[in-house]
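To start, the structure itself, in structure tokens.
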Amino acid sequence: MEQGPEDTAAPEAVAEKPIGALLSPGVEPVRMGSRPGIRPLLPQASGPVKAAVATGLAVNGNGTSQFMAGLTTNCTSPLQTSVMSVKAVKRKFIRDRGDKPFTKRLRFSVRQRESAYRYRDIVVRKQDGFTHILLSTKSSENNSLNPEVMKELQSALSMADADDSKLVLLSAVGSVFCCGLDFLYFIRRLPDDRKRESARMAEAIRNFVNTFIQFKKPIVVAVNGPAIGLGASILPLCDVVWANEKAWFQTPYTTFGQSPDGCSTVMFPKIMGGASANEMLLRGRKLTAQEACDKGLVSQVFWPGTFSQEVMLRIKELASCNPVVLEESKALVRFNMRLELEQANERECEVLKKIWGSAQGMDSMLKYVKRKIDEF
Amino acid sequence: MEQGPEDTAAPEAVAEKPIGALLSPGVEPVRMGSRPGIRPLLPQASGPVKAAVATGLAVNGNGTSQFMAGLTTNCTSPLQTSVMSVKAVKRKFIRDRGDKPFTKRLRFSVRQRESAYRYRDIVVRKQDGFTHILLSTKSSENNSLNPEVMKELQSALSMADADDSKLVLLSAVGSVFCCGLDFLYFIRRLPDDRKRESARMAEAIRNFVNTFIQFKKPIVVAVNGPAIGLGASILPLCDVVWANEKAWFQTPYTTFGQSPDGCSTVMFPKIMGGASANEMLLRGRKLTAQEACDKGLVSQVFWPGTFSQEVMLRIKELASCNPVVLEESKALVRFNMRLELEQANERECEVLKKIWGSAQGMDSMLKYVKRKIDEF
Amino acid sequence: MEQGPEDTAAPEAVAEKPIGALLSPGVEPVRMGSRPGIRPLLPQASGPVKAAVATGLAVNGNGTSQFMAGLTTNCTSPLQTSVMSVKAVKRKFIRDRGDKPFTKRLRFSVRQRESAYRYRDIVVRKQDGFTHILLSTKSSENNSLNPEVMKELQSALSMADADDSKLVLLSAVGSVFCCGLDFLYFIRRLPDDRKRESARMAEAIRNFVNTFIQFKKPIVVAVNGPAIGLGASILPLCDVVWANEKAWFQTPYTTFGQSPDGCSTVMFPKIMGGASANEMLLRGRKLTAQEACDKGLVSQVFWPGTFSQEVMLRIKELASCNPVVLEESKALVRFNMRLELEQANERECEVLKKIWGSAQGMDSMLKYVKRKIDEF
């Protein structure tokens, strides 16, 4: 019954089925609910965080398709198999009590086996012919992006650009793909100096997005779950986008008083026409995976049960191609777009900086986050 | 029971629940009722044209299927009653007999209550956070566009641009959205001086289309019924397009010997690809609301029964957003397009002027209008 | 009973009602019949090739599902006969034995009646208001394109540009639309001088594609069957694309170690968005006619049984339009694209030349062709 408070702490989990509650049941309530005491501390590796991480892992185990977990497994303890459904509460206890040291150890050994490079917020697996990068953030919730996560991704991409990988597969651990910007990270820092922090965040986004614009090898994205905000807007900067049928796509910028990012103001209209693009960018319309596919944001949708197999099958096929042909083909497709996209990125980040730097813009965002928190 | 005559006066308002009837109840029935007092003022309702016009009205009464007939008609001869269904005739009689003074009075009071500005061909309602502009033409049939209607729309838009409206909702009274250019208006003037009138019409279109290209706040269109020619081609210049499931979309330019307008030669291929765009622009293919949505011309389709509610719900949501964010977002999306669209508009109007000014081009148009009239 | 041999000689003409059979009745059966008398004239049709040609035809006769098999087959091993159905072999015998002189005579009279110009690889029919060009290659299999076929097409297009045709209808005889580049032609010449032949082939493609980019009158394509590689990538350079429901579309460039051509690197992303475009260009995803229509590559899909009637009905409608309006409309739609497409074509051909000229690129192609051959 100790679970009770947590469950009730997330009423919208029932009503609205928000991403956190469904995709990572157990984490979100904790996250959104009772951690005001933890928040202020949150430099991201000390004591209390561990619990969150453990929970996060368990959550992945809980994940609906369970599949991405397998795809990317990061956490493969036999304990986890027992980690399921109603017993989640119980499990959480067991975890909190006992398996921390174990999973921690396991995690590291898995990582070391897979790659020579260690990251905190992503997992990088060098595979035959391609590099697999998985979002699995510890410094943010739900794979949301803060400057530190972005820097790791950029570093992994630049590594893949330089080595013999023919392409990059980008996906995520858990049942969420990417929740866009890490607003909590941002807001926590704002009181210090709003102008400076806004500029810093805008700068981080600009560099992050430019990395995608300028990347020369094909990037295939396997969207395992919700892709929100910047997590959705970077998709058109990648080359092929496969989605789990459970994934959904939303860019609710105006809802939290922000303007669009990730070159979505250029790419969304190009892909789906202005009318549909503005429904997403101005009204925050949510698209199912199938709708996103019909509109051209996604290349193909696969059933959750076989998502990882389908992805792996196709990625291996692609990775068997002549790398020169792959790179030249991408260069041809992207030829005219690079400058246009860099400029769009620049403009978008300038507007973001302006809005974040203004009292009104900041208010909108705080109100949004407060509303979210008050919902508990 | 005072409501009675009004309801019967607009049979399609009941049957089809057009957006106008719901969005501006009270206005539509009045408008659809008797306007003989106004008619005589129109310079153009002279002799032979009357018959054609009369047919048009009767046809409208008969429903949208025969709707194209009304495309170019402009007047009201008693002959036409023979075409009307018995019921409609009866209703018309009741109207003509009784509700004239009443509805006229009502009309004006409604208008004055809603807006400080009075227009003849549109209704403008300043609402909380947005301006609602409804096509409801008296100087043309079926909300078709002549220079006078266009000027009123431009004036209303420039008003909305200057005031505190966050956005504009554009729709129409009745069961037709907009039938494109008012060919009868045009043809009536041509005998005077073909070259001059062609140039004048092309100039009117250029300015009208540029108003849409340059408008800074989001424009949402609620397409309540058929959108034809220029009435369809301006849709991509707006930002969000919602359609009643009964609406349909057609740009039959070549049928009446005209070249495309409204930047459709640029925007249609961008939105739906060249193959589909040319089916519309060269072959005049008619799209249902759902097809238009699938191809990206329309953002969403709603059922006729709840169309106005759905529109109003969403528009209020949008109107609650930070206006700076809305305007900046639109500016970002439109950034690269403005010059391209202005040039396309310029080119299209030049070609129109050339075609209208030529004997062959004029012949095609006259033949088309004559064919339409001869069909009765 | 004279008809008999002809009918059986082209079984798919009966079963599938390909556009060729219906659109140019009398031509198709003759063509499909025996042409050994003509063959010897072809420089490349020496001894062993004959068998290959026959096999190729037989394969087609077996149905489209086995069609890829015929894509590249050259290979003329007696083994291949085992692939043919017994019936097909029988039919071939009947053909070879009897109908030669008759069909030859018929063929010539049909051609002379239809057009003043004779081609080897295409059929050109000057019709009321439009020119109908049909691919029906003798110097290549399955309507694939080698420099000679391309030159004929270019010549026919330039003829249609100069005469009073209002538009061009492009289709193909048989059950295949166009299989893209004629790799066998290419490979046969490579041993001579790889660099020179690569440059020559790239040059041929550049000119061929530029002809489409620069053509001023509308081109309507009726895709009767599979459109592969360059046969699919030129479609967006045409204006309206109608497809038989049996047609399919594939650009498996990377599979045979080639980069994309026909401006597909520019037009595919414009039409269907980058994600779907890359699925086709990088992964060679095959689209059904309906999928191609949903993605905007095709304007409309018609049932096989009525395909030719639907096409003819619509083409005649189009051909009744004012030609000035048609040409001006196309000019408006294409205005901004010409330079961009010419540059894209230039880039694509440069890359092709580079890849073909390299040992690795050539190896990929040879491996691919060998694999195809080994499959038998």
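Residue numbers (my numbering), protein chains in the order written: chain S, 2 to 377; chain C, 2 to 377; chain E, 2 to 377.
Think of the CB as a built atom: it goes at the ideal place given N, C-alpha and C, for glycine as much as any other residue.
| Asked | Found |
| --- | --- |
| If you follow the alpha helix (DSSP H) that E:Val267 is part of, which residue opens it and which one closes it? | Ser265 to Leu282 |
| Sort S:Arg189, S:Val177 and S:Leu333 by Cα distance to S:Asn147 and report the nearest one. | S:Arg189 |
| Looking at the strands, I want to know which residues DSSP matches up with S:Arg126. | S:His133 |
| Would you mind sorting C:Thr255 into buried or exposed? The rule is 16 or more other CB atoms within 10 Å of its CB. | buried |
| Can you name the residues that DSSP bridges to E:Gln301? | E:Trp243 |
| Buried or exposed: which applies to C:Arg372, given that a residue is buried once 16 or more other Cβ atoms fall within 10 Å of its Cβ? | exposed |
| Answer with buried or exposed for S:Pro192, where buried requires no fewer than 16 other C-beta atoms within 10 angstroms of its C-beta. | exposed |
| Which whole-angstrom value describes the C-beta separation of E:Ser166 and E:Lys218, a residue pair presumed to lie in contact below a C-beta threshold of 8 Å? | 7 Å |
| Any chance the segment 288-304 of chain E sits against the segment 352-363 of chain S, with 3 or more Cβ pairs inside 8 Å? | no |
| Let me know the secondary structure DSSP gives S:Val169 once reduced to three states. | strand |
| If you measure from the beta carbon of S:Ser330 to each beta carbon in chain E, is any gap under 8 Å? | yes |
| Taking Cβ-Cβ distances shorter than 7 Å, what residues in chain E pair up with S:Val297? | For the record, residue 297 of chain S in the displayed sequence is Gly; it is not Val. In chain order: Met273, Gly274, Ala276 and Ser277. |
| Whose CA, out of E:Ile235, E:Lys196 and E:Ser140, lies closest to the CA of E:Gly181? | E:Ile235 |
| Can we say the segment 311-321 of chain E touches the segment 336-347 of chain S, given the rule of at least three CB pairs closer than 8 Å? | no |
| Select from the segment 330-362 of chain S all residues with a C-beta closer than 9 Å to any C-beta belonging to chain E, and list them in chain order. | Ser330, Lys331, Ala332, Leu333, Val334, Arg335, Phe336, Asn337 and Met338 |
| Along chain E, which residues have their Cβ under 8 Å away from the Cβ of C:Ser156? | Within 8 Å Cβ-Cβ: nothing; C:Ser156 doesn't reach chain E, min ~29 Å. |
| Should C:Arg195 be flagged as near chain E, meaning a C-beta pair shorter than 8 Å? | no |
| Please classify E:Leu340 as buried or exposed, where buried requires at least 16 other C-beta atoms within 10 Å of its C-beta. | exposed |
| Per the DSSP calculation, S:Val378 is bridged to which residue(s)? | In the structure as shown, chain S starts at 2 and stops at 377, and residue 378 of chain S therefore has no counterpart that could be examined. |
| Between C:Ser365 and chain E, is there a C-beta pair that is closer than 8 Å? | yes |
| In the segment 177-258 of chain C, which residue ranges form an unbroken alpha helix (DSSP H) of at least 4 residues, counting only runs that do not cross its ends? | 184-190, 195-215 and 231-234 |
| Between C:Val177 and the rest of its own chain, which residues show a CB-CB distance below 6 Å, the 5 nearest in sequence each way excluded? | Asn143, Asn144, Gly226 and Pro227 |
| E:Leu1 touches chain S at which residues, Cβ-Cβ below 8 Å? | Limits of chain E in this structure are 2 at one end and 377 at the other, which puts residue 1 of chain E out of reach. |
| Is the beta carbon of C:Cys239 less than 8 Å from the beta carbon of C:Val267? | no |
| Based on DSSP bridge pairs, tell me the residues matched to S:Thr289. | S:Trp249 |
| Taking just the CA atoms, how far does S:Leu136 sit from S:Leu171? | 8 Å |
| Using a cut-off of 8 Å between C-beta atoms, extract the partners of E:Tyr254 located in chain S. | Val326 and Ser330 |
| From the DSSP output, read off the bridge partner residues of E:Leu146. | E:Leu182 |
| Helix, strand or coil: how does DSSP classify S:Tyr120 here? | coil |
| Closer than 8 Å is the cut-off here; do at least three beta carbon pairs connect the segment 341-352 of chain E with the segment 270-280 of chain E? | no |
| Considering only their Cβ atoms, is the gap separating S:Leu298 from S:Pro242 smaller than 8 Å? | At residue 242 of chain S the sequence reads Val, which differs from the Pro that was named. In this structure, S:Leu298 lies closer than 8 Å to S:Val242 by Cβ. |
| Can you pull the chain C neighbours of S:Thr266, defined as C-beta to C-beta under 8 Å? | Ser330, Leu333, Val334 and Phe336 |
| Less than 6 Å between C-beta atoms, sequence neighbours within five positions excluded: which residues of the same chain meet that for C:Gly199? | A small correction: the amino acid at residue 199 of chain C is Ser; Gly does not occupy that position in the sequence shown. Here the set comprises Lys354, Trp357 and Gly358. |
| Does any residue of chain S have a CB that is nearer than 8 Å to the CB of C:Leu319? | yes |
| For E:Val370, which option in E:Gly258, E:Ile220 and E:Ser300 has the closest C-alpha, if you only look at C-alpha atoms? | E:Gly258 |
| Tell me which residue opens and which closes the alpha helix (DSSP H) that C:Gly358 is part of. | Met338 to Gly358 |
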